[in-house]
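Here the protein sequences line up with chains P and Y, keeping their order. According to the numbering used here, the residues represented by the first sequence are 1157 to 1311, in order. According to the numbering used here, the residues represented by the second sequence are 682 to 1435, in order.
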Amino acid sequence: MKVVISPYSQKLRPPKEKEVNPKNYPYWKELIELLKGHEIIQVGVNGEQRLVQDTRFNWPLKDLKKLISECDFWISVDNFFPHLAYHVNKRGVVLWGPSDPQLFGYPTNVNILKDKSYLRPDQYGIWESIEFDPNRFVKAEEVYKIVNKEFNMTK
Amino acid sequence: MKYSIIIGVYGHFLDLTKPCIESIIKYTDLLTCEIIIVANGCKENDGTRAYVEKLGPPFRLLWFDEPLGYAKANNAGVAIAKYEKIVLLNNDTVLLDQQKNRWLDQLEEPFLKDPMVGISGPLLGHSEPANHDFLVFFCVMTTKELFDKLKLNEDYGVGAGEDTEYCIELEKLGYKVARCAEITGSDNTNKLVIGDFPIFHAGEGTLKELPNWKSSFDENSLKLAKKYNKGWYNFKLSNDFERAVLGKEDNLPENTREHARYTFAANNLVGKKVLEFGCSSGYALKFLPKDIDYTGVDYDETIIKFAKENFDGPRTHFIHCDAHSFDFSSHYDTIIAFEFIEHIDDGKEFAQKLKQHCDNLLITTPFRETPGFWGKHHKLHNLSEKDFPDFDYKYVGEYGGILDKPTRFDGQQLMIMRWEKGKEYPKIEPSTRVLCSIATKDRYDILSSCLVSVALQTRVPDEVIIYDDGEQKDLREDPIYRHIFRLFDRKGIKWSFAWTPKKGQHYGHDSSNKSDFDYVWRLDDDEVAEPDVLEKLLAHMTKDVGAVAGAVFEPGNPQYGGSNKLVDIFHKPNLQWAPGNEVVEVEHLYSSFLYRPRIAQYTLELSPVAHREETMFSHELFKKGYKLIVDTSIKTYHFRQATGGIRSHNSEFFYENDERIFAKKLEDWGYKVISLDTGLGDHLVFLNILPDLIKKYKHIILGCCYPNVFQGHDVTIVPMAATKKSAPEHIYKWCIDNNWKTSILNAYKAMYGV
């Protein structure tokens, strides 16, 4: 299957040294390993870590939209990507951490949230005070199971 | 030696004649003289006759029932004088304490020293009309021989002028006029002479009480001037150069207004019966056909006399009268009134009235004369076509010639008008009044340049109001402003300062907007208008135009590529910020423009910086259906100042407040300003509601961080910073404030009401 992944969220301001965006999913490598055999295309911007061979960095929005419409599904963190996919009506998977999918997600997508207790208390507040915490996210194996079930993946 | 002392007397026995005679008796050796009292016009029982007759010799009485005037009375007295030396003495004199005959000795002394002395006296005067020195005849000595030869000229009536003429004529015969003392004046209170001649002289004690003394004096001055000083005579005839005066033999140069106007009259004359008001010397007759019946009217009796002397004839009639009392019982083929109507308060009405009495009316008047330009005689100023409906108009250049259009607007050119009975004339609007409204704050340096540029407009405003929202100094005695205000006065521009309540320039402009002027021309204190700005702005003001502006730009730093569409206001330069050659209809105006007052309103809730006040005001005119015009060929220079004006306020709060008010206004007008100070994801969420927003508003002005998101959509994209003050709302703040619990997409919908 052709899967587009959008692994990272950009902060509005430049991050501090070694700072990790609290929205970013910590188990991408494991998840990609599990998805081996499928065509995985990574989108993002220059400077982000390459997780797969096929990357489409700094692509114009209209090209991204075309890419999304041509894929089978997509997997993303809480960033611009699910909103763009919404415009092309393509269902995908969002790996949630501190943000509430009920506020920032779309019910048509597969929204994977570990536990509401991990949501940051002030959903509309500034991000500066939120620390990265890998425990907020569902592990790769579980994600894979859900994806496999939702999109009927066959290797 | 014996003296004949002649004293002309006209009343005033007790207060003048008796004290005079008593002083003669006291300080004169009566054995050396005779005193001839020439009583003329005295009442029989006033005491004069009884007193003089009682005195007996050497006092002699010459009695005339009627007043004779000074010359005639003295001539009569001298005619019966017996002695060689004649003394003419006024009865308003009193001899002062002295040894007997000192006064006569002093008068005679010059004769003894120089046989060519023909007259002596203590007081030498200068006659301006004759441009000649003369002895004042209150006390003079001459010889009977000379007097009999010359006599006093009796043409001077009650008096004044004959003494000058006597001196001049005497000098012509080779005799000298000798001053015998050093009189410098007299002190009426203490009856003392100031000088070394022992006499007191009240001065015109009798003459001044006569009802027509002043006009008689003026007339006598003219008589003197006519004989001895042609330049002064012509000056007076011209009413202090107010009018041209030509005699029969004089010629009028072709390069004069007068030549042009009478040539025009000759070329446009109808019929044979012609009436002219303000005819001066009647020199129109030098231009008009010979076979006409001409009546000339002038209020100046002197000039009418002169006219009769020069241009009288069988078909010519000159009348001295005020135009308002002229008998209009006759109808005239042509009436001429050249530079006449501006002399009377109701000149405009009088011009229309003349149409009832003729078939052809020719009028000239100074075109747009600034008050005072031609002196005190003119009652009406700033006259133009609009003051004289139903005429054909042409113009006379300052050096003659007929012009189709005027080239000056200060009164040096004439408007020459013709009305013909039965002809239809296009209607013209009544004259327009323009108020110049200038807001200033702590910029007295550049303000002076601004005001000078207003004063030097080819079409000046009728009034200037300077709204001082700053230091509020009284500038009337300021060395620079003093001259500027004089210039305003000279140009006939009413001016005033208004000290506004320091709430911003919009309060001043609001006041002007409530005025009853036809148009208001607003200028900022740091702007300098080219001289033709107001005239050109006015030329665009047709009925459907609400306001008109020119280019208002920094010298050397024009910003081209501008727009005056409201939707471009956040991201494009203003069309007015560069000069050019285009005339365009726009949606709002900047800074300086001419507008119709009392239609739109200024937004008074703005802060003291009054940011965007002119944009909102001018667009409101647009919304009310009036056109807004920009003509970029009209140039006003904007000398931006680092301080003063709205830059007196540093607070960002003021600007933010005003931008929010502006955004609200924009929304009322269908322009929604939105700032997306968010990440790309939120831009994409917002994109979902954009179609509904576009349906709701006429225009969307969108400040955002990711303009590519909205490519292909009918929105005006501007930099986020441009709209942040106007639309500071933020989606997340909105969610917090509204305790939002559902999706962010729904939050956007709720926030923008779609």
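The beta carbon of each residue, even a glycine, is placed where N, CA and C say it ideally should be. In this text, all values refer to a predicted model and were calculated from it rather than measured experimentally.
Should ASN834 of chain Y be labelled buried (16 or more other beta-carbon atoms within 10 Å of its own) or exposed? Against the second sequence, residue 834 of chain Y aligns to sequence position 153. By the neighbour-count rule (16 or more Cβ atoms within 10 Å), ASN834 of chain Y is buried.
Anticipated Cβ contact below 8 Å, PRO1239 of chain Y with PRO1260 of chain Y, distance rounded: On the second sequence, residue 1239 of chain Y is found 558 positions in, with the first residue counted as 1. On the second sequence, residue 1260 of chain Y is found 579 positions in, with the first residue counted as 1. Their Cβ separation, rounded to whole angstroms, is 6 Å, which keeps PRO1239 of chain Y and PRO1260 of chain Y in contact under 8 Å.
HIS1319 of chain Y versus Y:GLU1211, Y:ALA925, Y:ASP1349 and Y:MET1297, residue with shortest Cα-Cα distance: The sequence position of residue 1319 of chain Y within the second sequence is 638, counting from 1. When only C-alpha atoms are compared, the closest one is Y:GLU1211.
Quick one: which residues of the segment 1221 to 1251 of chain P get their C-beta closer than 9 Å to a C-beta of chain Y? List them in chain order. Along the segment 1221 to 1251 of chain P, the positions whose C-beta sits under 9 Å from a C-beta of chain Y are ASP1234, ASN1235, PHE1236, PHE1237, PRO1238, HIS1239, LEU1240, TYR1242 and HIS1243, read in chain order.
Could you check the C-alpha separation between HIS693 of chain Y and ILE687 of chain Y for me, to the nearest Å? Along the second sequence, read from residue 1 onward, the residue named residue 693 of chain Y stands at position 12. Along the second sequence, read from residue 1 onward, the residue named residue 687 of chain Y stands at position 6. Answer to the nearest angstrom: the Cα atoms are 16 Å apart.
In the DSSP output, which residue or residues are listed as bridge partners for THR845 of chain Y? On the second sequence, residue 845 of chain Y is found 164 positions in, with the first residue counted as 1. DSSP, once it has assigned bridges, lists no residue as partnering THR845 of chain Y.
Mind checking which residues open and close the beta strand (DSSP E) that includes ASN1214 of chain P? In the first sequence, residue 1214 of chain P corresponds to position 58, counting from 1. Premise fails: ASN1214 of chain P is in no beta strand (DSSP E) and is neither H nor E.
Apart from the five residues just before and just after GLY855 of chain Y, which ones in its own chain have a Cβ nearer than 8 Å to its Cβ? Taking the second sequence and counting its residues from 1, the one referred to as residue 855 of chain Y is at position 174. Excluding positions up to five away in sequence, the list reads MET797.
Can you give me the C-alpha to C-alpha distance between PRO748 of chain Y and CYS861 of chain Y, rounded to a whole angstrom? Position 67 of the second sequence, counting from 1, holds the residue named residue 748 of chain Y. Position 180 of the second sequence, counting from 1, holds the residue named residue 861 of chain Y. So the two alpha carbons sit approximately 31 Å from each other.
What is the DSSP secondary structure of LEU1270 of chain Y, counted as helix, strand or coil? Counting from one through the second sequence, the residue named residue 1270 of chain Y turns up at place 589. DSSP places LEU1270 of chain Y in coil when its eight states are reduced to three.
So what does DSSP say about ASN1455 of chain Y, is it helix, strand or coil? Lying outside 682 to 1435, the shown extent of chain Y, residue 1455 of chain Y is not represented and no answer is given.
GLU982 of chain Y vs HIS1001 of chain Y beta-carbon contact at 9 Å: On the second sequence, residue 982 of chain Y is found 301 positions in, with the first residue counted as 1. On the second sequence, residue 1001 of chain Y is found 320 positions in, with the first residue counted as 1. Yes, the Cβ-Cβ distance between GLU982 of chain Y and HIS1001 of chain Y is below 9 Å.
Would you report the Cα separation of SER1006 of chain Y and ASN1041 of chain Y, rounded to the nearest angstrom? Numbered from its first residue, the second sequence carries residue 1006 of chain Y at position 325. Numbered from its first residue, the second sequence carries residue 1041 of chain Y at position 360. Looking at the two C-alpha atoms, the distance is approximately 21 Å.
Excluding the 5 residues preceding and the 5 following LEU1137 of chain Y in the sequence, name in chain order all residues of the same chain whose CB lies nearer than 7 Å to its CB. Along the second sequence, read from residue 1 onward, the residue named residue 1137 of chain Y stands at position 456. Correct list, in chain order: PRO1212.
Three-state secondary structure (DSSP) at ASP1149 of chain Y? Position 468 of the second sequence holds residue 1149 of chain Y. Of the three classes helix, strand and coil, the one that applies to ASP1149 of chain Y here is strand, per DSSP.
Opening and closing residue of the alpha helix (DSSP H) in which LYS699 of chain Y lies: In the second sequence, residue 699 of chain Y corresponds to position 18, counting from 1. Run containing LYS699 of chain Y: 699 to 708, per the alpha helix (DSSP H) assignment.
Should VAL1231 of chain P be labelled buried (16 or more other beta-carbon atoms within 10 Å of its own) or exposed? Your numbering for residue 1231 of chain P matches position 75 in the first sequence. First, the amino acid is wrong: residue 1231 of chain P is Ile here, not Val. Its Cβ being crowded by 16 or more others within 10 Å, ILE1231 of chain P is buried.
Could you tell me the distance, in whole angstroms, from the CA atom of LYS1311 of chain P to the CA atom of HIS1194 of chain P? Within the first sequence, numbered from 1, the residue matching residue 1311 of chain P stands at position 155. Within the first sequence, numbered from 1, the residue matching residue 1194 of chain P stands at position 38. With a pLDDT of 49 at LYS1311 of chain P, under the threshold of 50, the modelled position of this residue cannot be trusted; read the value that follows with caution. Going by the C-alpha atoms only, they are around 7 Å apart.
Is it true that the CB of GLY1393 of chain Y sits closer than 9 Å to the CB of PHE1236 of chain P? By one-based count along the first sequence, residue 1236 of chain P stands at place 80. By one-based count along the second sequence, residue 1393 of chain Y stands at place 712. Contact annotation: PHE1236 of chain P and GLY1393 of chain Y have beta-carbon atoms that are not nearer than 9 Å.
What do you get for VAL1265 of chain Y, buried or exposed, if any count of 16 or more other CB atoms within 10 angstroms of its CB means buried? Within the second sequence, numbered from 1, the residue matching residue 1265 of chain Y stands at position 584. VAL1265 of chain Y comes out exposed.
In whole angstroms, what separates the C-alpha of ILE1025 of chain Y from that of HIS813 of chain Y? What you label residue 1025 of chain Y is simply residue 344 of the second sequence in a count that begins at 1. What you label residue 813 of chain Y is simply residue 132 of the second sequence in a count that begins at 1. In a straight line, the C-alpha of ILE1025 of chain Y is about 37 Å away from that of HIS813 of chain Y.
Spell out whether any CB of chain P is found under 9 Å from the CB atom of LEU1365 of chain Y. Looking up residue 1365 of chain Y in the second sequence gives position 684. Yes, contact with chain P.
Run through the DSSP bridge pairs and tell me what GLN1198 of chain P is partnered with. Here residue 1198 of chain P is taken as the residue at index 42 of the first sequence, counted from 1. Note: GLN1198 of chain P sits in a beta bridge opposite P:ILE1161 and P:THR1211.
Would you be able to state if there are at least three C-beta pairs under 8 Å between the segment 727 to 737 of chain Y and the segment 786 to 803 of chain Y? Because the criterion of three Cβ pairs below 8 Å is not met, the segment 786 to 803 of chain Y and the segment 727 to 737 of chain Y do not touch.
Taking GLU1297 of chain P as the reference, give the member of P:ILE1224, P:GLU1186, P:PRO1290 and P:VAL1249 with the closest Cα. Translated into the one-based positions of the first sequence, residue 1297 of chain P becomes position 141. The option with the nearest alpha carbon to GLU1297 of chain P is P:GLU1186.
Residue nearest to PHE1274 of chain Y in terms of C-alpha spacing, selected from Y:LEU1247, Y:LYS1304 and Y:VAL1214: Here residue 1274 of chain Y refers to the residue found at position 593 when the second sequence is read from its first residue. Taking each of Y:LEU1247, Y:LYS1304 and Y:VAL1214 in turn and checking the Cα distance to PHE1274 of chain Y, the smallest one comes out for Y:VAL1214.
Check whether chain Y comes within 9 Å of ASP1271 of chain P, counting only Cβ atoms and requiring the distance to be less than that. As a first step, residue 1271 of chain P is located in the first sequence; it is residue number 115 there, counting from the start. Not an interface residue.
Just checking: is the beta-carbon of ILE1382 of chain Y within a distance shorter than 9 Å of some beta-carbon in chain P? Counting from 1 along the second sequence, the entry for residue 1382 of chain Y is found at position 701. Using a CB distance cut-off of 9 Å, ILE1382 of chain Y does not count as an interface residue toward chain P.
Please list the terminal residues of the continuous alpha helix (DSSP H) segment that includes GLY758 of chain Y. Here residue 758 of chain Y refers to the residue found at position 77 when the second sequence is read from its first residue. Counted as a single uninterrupted DSSP element, the alpha helix (DSSP H) harbouring GLY758 of chain Y occupies residues 751 to 760.
With DSSP collapsed to three states, give me the class of LYS1311 of chain P. Indexing the first sequence from 1 puts residue 1311 of chain P at position 155. Confidence at LYS1311 of chain P is low in this model, with a pLDDT of 49, below 50, so the placement of that residue is unreliable and no value is reported for it.
Residue nearest to GLY959 of chain Y in terms of C-alpha spacing, selected from Y:LYS971, Y:ILE985, Y:SER685 and Y:ILE1382: The residue labelled residue 959 of chain Y in the question sits at position 278 within the second sequence. Of the candidates Y:LYS971, Y:ILE985, Y:SER685 and Y:ILE1382, Y:ILE985 places its Cα closest to the Cα of GLY959 of chain Y.
Within chain Y, partners of TYR1280 of chain P - CB distance below 7 Å: Position 124 of the first sequence, counting from 1, holds the residue named residue 1280 of chain P. Ordered by position in chain Y, the residues that pass the 7 Å Cβ test against TYR1280 of chain P are TYR1413, CYS1416 and ILE1417.
THR1264 of chain P classed as buried or exposed, judged by whether at least 16 other C-beta atoms fall within 10 angstroms: As a working note, residue 1264 of chain P is residue 108 in the first sequence. Classification for THR1264 of chain P: exposed.
Going by DSSP, what residues sit across from TYR684 of chain Y in a beta bridge? Reading the second sequence from its first residue, position 3 is the one you call residue 684 of chain Y. For TYR684 of chain Y, which the question treats as bridged, DSSP gives the partners Y:CYS714 and Y:LYS766.
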